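Okay, so here's the structure we're looking at.
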Amino acid sequence: MSLKDKVALVTGSTSGIGLAVAKTLAQNGCNIVLNGFGEAQEIENLRNNLAKDNNIKVVYAEHDLSKAAQIDQMFKMIGSELGDVDILINNAGIQYVAPIERFPSNKWDAIIAVNLSAAFHTIRNVVPAMKKKNWGRIINIASAHGLVASKHKTAYVAAKHGIVGLTKSVALEVAEQMITCNAICPGWVLTPLVQKQIDDRAKANNWNNDKASKDLLAEKQPSLRFVQDEHIGEMVIFLCSDAGSSITGSALPMDGGWTAQ
Ligand code: NAD
Numbered sequence: 006m007s008l009k010d011k012v013a014l015v016t017g018s019t020s021g022i023g024l025a026v027a028k029t030l031a032q033n034g035c036n037i038v039l040n041g042f043g044e045a046q047e048i049e050n051l052r053n054n055l056a057k058d059n060n061i062k063v064v065y066a067e068h069d070l071s072k073a074a075q076i077d078q079m080f081k082m083i084g085s086e087l088g089d090v091d092i093l094i095n096n097a098g099i100q101y102v103a104p105i106e107r108f109p110s111n112k113w114d115a116i117i118a119v120n121l122s123a124a125f126h127t128i129r130n131v132v133p134a135m136k137k138k139n140w141g142r143i144i145n146i147a148s149a150h151g152l153v154a155s156k157h158k159t160a161y162v163a164a165k166h167g168i169v170g171l172t173k174s175v176a177l178e179v180a181e182q183m184i185t186c187n188a189i190c191p192g193w194v195l196t197p198l199v200q201k202q203i204d205d206r207a208k209a210n211n212w213n214n215d216k217a218s219k220d221l222l223a224e225k226q227p228s229l230r231f232v233q234d235e236h237i238g239e240m241v242i243f244l245c246s247d248a249g250s251s252i253t254g255s256a257l258p259m260d261g262g263w264t265a266q
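Just so you know, the sequence shown maps onto residues 6 to 266 in my numbering.
Written out as structure tokens, the structure is:
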């Protein structure tokens, strides 16, 4: 089965994992909706190059996914520019690290809004058309932290466990209509979100970047290597293929052994 001309929305695709997933879907012929923050000219160049290199349509949605009303507006824009979304990748995410007694309430609210509630709002927008077409793919980029916890990441761990639950519940509701809903649970991937944690570790211990990266990996990830963001893109393609059509409601670790411990 070809993904050519399917419409794929990848939230948070101006950076990191989302960008890699958007590129892989584009290479497989999907028309793409990019979303996320960044410098306007850089995003426009990215949009243009992705469209030209793959001979596809690419639109950019600047909407802030922490706000439900903006998510609804985003789907109106996508509907008029590209039509219904066939493949939804909920990837936008943020992080904040602090002990619970010093965890700011506004950071809790922001993380729950972007990492969890946004996925509820995007899913409820895409399901009606997917049901009509009798085909759809919903893939939530959760985390190893959707399966196990680490200290000082209460909001992130709660949101990621929440999205694994949301994934299972949605999967049950749409299973008969050839729509699958899965979570991918990556371990450490070297993106700006993780680089900040490496920088904090380097600063706290007076280490260089290399020592701080190795220490971060050794603490959790037995492979001692970062997960490649393109490999997450390839997993998305597999889940979108016919061979992936019986995989639904699952939370698939791609974590170099993190959650096997
Ligand atoms: P990143 O910081 O490189 O990218 C995050 C993206 O989300 C950016 O495009 C950003 O603009 C967008 N975003 C943030 N807030 C937004 C908002 N309110 N509205 C719209 N877009 C918004 O991060 P990443 O590491 O690529 O993370 C992507 C996803 O993967 C996140 O959900 C993260 O939790 C998850 N994840 C990352 C890792 C890792 O090691 N990097 C591991 C497991 C899971």
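All residues carry an ideal CB built from backbone N, CA and C; glycine is no exception. Predicted model, so just to flag it, every value in this text is computed and none were measured.
By the CB criterion at 9 Å, isoleucine 144 and valine 241 fall inside the cutoff.
Cβ-Cβ distances below 8 Å link proline 227 to Gly261, Gly262, Trp263, Ala265, Gln266 in the same chain, with the five nearest sequence neighbours on each side left out; the list follows chain order. Taken from the Cβ of glycine 17, at least one heavy atom of the ligand NAD lies inside 8 Å.
If you compare the alpha carbons of Leu121, Val119, Tyr161, Asn187 with that of glycine 141, the shortest gap goes to Asn187. Isoleucine 146 is positioned such that its CB atom lies closer than 9 Å to that of glycine 98.
Note that the region 220–238 does not touch the region 7–17; fewer than 3 beta-carbon pairs, one per stretch, sit closer than 8 Å. Secondary structure at asparagine 187: strand, using DSSP grouped into helix, strand and coil.
Residue range 21–32 is occupied by the alpha helix (DSSP H) that includes glycine 21. Counting other Cβ atoms within 10 Å of its Cβ, leucine 177 stays below 16 and is therefore classed as exposed.
Here the alpha carbons of alanine 154 and glycine 84 stand approximately 38 Å from one another.
Per DSSP, the continuous beta strand (DSSP E) segment holding asparagine 36 begins and ends at 36–40. Within the same chain, Gln75 come within 7 Å of aspartate 69 by CB-CB distance, once the 5 residues on both sides are set aside. Where leucine 93 is concerned, the enclosing beta strand (DSSP E) starts and stops at 92–95. Assignment of proline 197 by DSSP, reduced to helix, strand and coil, places it in the helix class. With a minimum length of 4 residues, the unbroken runs of alpha helix (DSSP H) contained wholly in the region 70–117 fall at 73–86, 110–117.
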